[in-house]
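With the sequence shown counted from 1, adding 89 to any position gets you this note's numbering. Every residue, glycine too, gets a C-beta built ideally from N, C-alpha and C. For clarity, every value in this text was computed on a predicted model and none was experimentally measured. Taking it in order: structure first as structure tokens, then the write-up.
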Amino acid sequence: MSTRPLFLITGGNRGLGRIMAEHLARGGADLILTTRGDASEALAAVTAQGAKARALTLEVAEAETFPAFAETVKETLAEMGHDSLAGIIHNAGIGLYSPLAETPADTFDTLYSIHLRGPALLTQALLPQVSDGGRILFISSGLARFSLPGYGAYAAMKGAVEVMARYWARELAERGISVNTLAPGAIETDFGGGHTRDNADVNAMVASVTAMGRAGLPDDIGAAAASLLLSEANWITGQRIEASGGMFL
90 MSTRPLFLIT GGNRGLGRIM AEHLARGGAD LILTTRGDAS EALAAVTAQG AKARALTLEV
150 AEAETFPAFA ETVKETLAEM GHDSLAGIIH NAGIGLYSPL AETPADTFDT LYSIHLRGPA
210 LLTQALLPQV SDGGRILFIS SGLARFSLPG YGAYAAMKGA VEVMARYWAR ELAERGISVN
270 TLAPGAIETD FGGGHTRDNA DVNAMVASVT AMGRAGLPDD IGAAAASLLL SEANWITGQR
330 IEASGGMFL
């Protein structure tokens, strides 16, 4: 069996998921990327780093598919020469924004199913495949700490993710599995319509309230994730780590 760690990243075909996959591959890991669409470019970028990689289709809002998906993961591990997952990165997400007073019920339901219910139940389904001493990383948001108008429903789900991660950390400690939350600040990606990346006024506002003087770049988050998952620092667990360049300090 391979001695390289293998991580599963939800939503690993684009955005922060893809950049985290590239950083992990560069650090010596193999990857399973879940995707709703074409993952050929992401797979090419990861394998160019010398990693083995596979893409599996998954809708994180459809928890009824998770038992079958877990079996597919088990088969894929064997095909890749691995017997377990070194960890899971719950990255897949969607940005739906509006003032709380105007947020309809179906928006709350969609955000809940993708950001909280999906990661909770997917963790349950994949736990038998995670090795003792492994890592689980949930992706939250700086918006769970500071408040900006229009992001309340999204931020509330991320705040719940942070609480859930602490409880997973407590419950999985007996297996030596560390569980943490990584909370990006405003990052220049296409997420949520690409406002931070494409809107000069938004980008300038973010830079003005960030200690480091700029908006975040995808590589900032990829490097942070790799440092948490590939280092020997498994004693760090149950923590919220914000990677925002000091936004709203």
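When the Cα atoms are used, what is the spatial distance from residue i to residue j?
i, j, result
"THR123", "ALA249", "23 Å"
"ALA355", "LYS163", "Any question about residue 355 goes unanswered here, given that the chain covers just 90 to 338."
"ALA133", "GLY101", "12 Å"
"ALA131", "ASP279", "15 Å"
"PRO217", "PHE158", "13 Å"
"SER297", "PRO273", "17 Å"
"LEU43", "TYR201", "Examination of residue 43 is not possible in this model, given that the chain is present from 90 through 338 alone."
"GLU321", "MET90", "21 Å"
"GLU191", "GLY231", "22 Å"
"ALA262", "LEU215", "16 Å"
If distances are taken between C-alpha atoms only, which option among the options comes closest to residue i?
i, options, result
"GLY311", "ALA110, THR212, MET253, ALA300", "ALA110"
"ILE98", "THR136, ALA242, ALA181", "ALA181"
"TYR361", "LYS141, LEU237, SER173", "In the structure as shown, the chain begins at 90 and stops at 338. Residue 361 is therefore absent and cannot be evaluated."
"ALA152", "ALA118, THR136, THR199", "THR199"
"ALA245", "ARG93, HIS204, TRP324", "HIS204"
"GLY170", "GLY302, ILE325, PRO94, LEU271", "PRO94"
"THR270", "SER316, ARG115, GLU263", "SER316"
"THR196", "GLY239, LYS141, ALA118, VAL135", "GLY239"
"LEU318", "ALA194, LEU105, ALA118", "ALA118"
"LEU211", "PHE235, VAL149, GLN138, LYS247", "VAL149"
"TRP324", "VAL219, ARG259, THR165", "ARG259"
What residues in its chain sit with their C-beta under 8 Å from that of residue i, if we drop five residues either side in the sequence?
i, result
"ILE108", "PRO307, ASP308, ILE310, GLY311"
"ALA300", "GLY334, GLY335, MET336, LEU338"
"THR146", "THR123, THR124, ARG125"
With DSSP as the reference, identify every bridge partner of residue i, one or two as the case may be.
i, result
"SER267", "ARG224"
"GLU331", "ALA272"
"VAL219", "LEU174"
"MET253", "Partner(s): none; MET253 has no beta bridge."
"HIS179", "PHE227"
"LEU232", "None; LEU232 has no bridge partner."
"GLY305", "ILE276"
"ARG339", "Residue 339 is absent from the structure shown; the chain starts at 90 and stops at 338."
"ILE98", "LEU122, ILE178"
"THR299", "MET336"
CB-CB under 6 Å to residue i, same chain, minus the five flanking residues each way: which ones, in chain order?
i, result
"ILE266", "GLY223"
"ILE183", "ILE203"
"ARG264", "ASP221"
Regarding residue i and the ligand FAD, is the C-beta to nearest heavy atom distance less than 6 Å?
i, result
"LEU215", "Summarising the ligand content, the structure contains no ligands, and the ligand FAD is consequently not present."
CB-CB under 7 Å to residue i, same chain, minus the five flanking residues each way: which ones, in chain order?
i, result
"THR285", "ALA275, ILE276, GLU277, VAL291, ASN292, VAL295, ALA304"
How do the stretch 248 to 265 and the stretch 323 to 331 stand: do at least 3 beta-carbon pairs fall below 8 Å, yes or no? yes
Between the stretch 217 to 233 and the stretch 169 to 185, are three or more C-beta pairs nearer than 8 Å? yes
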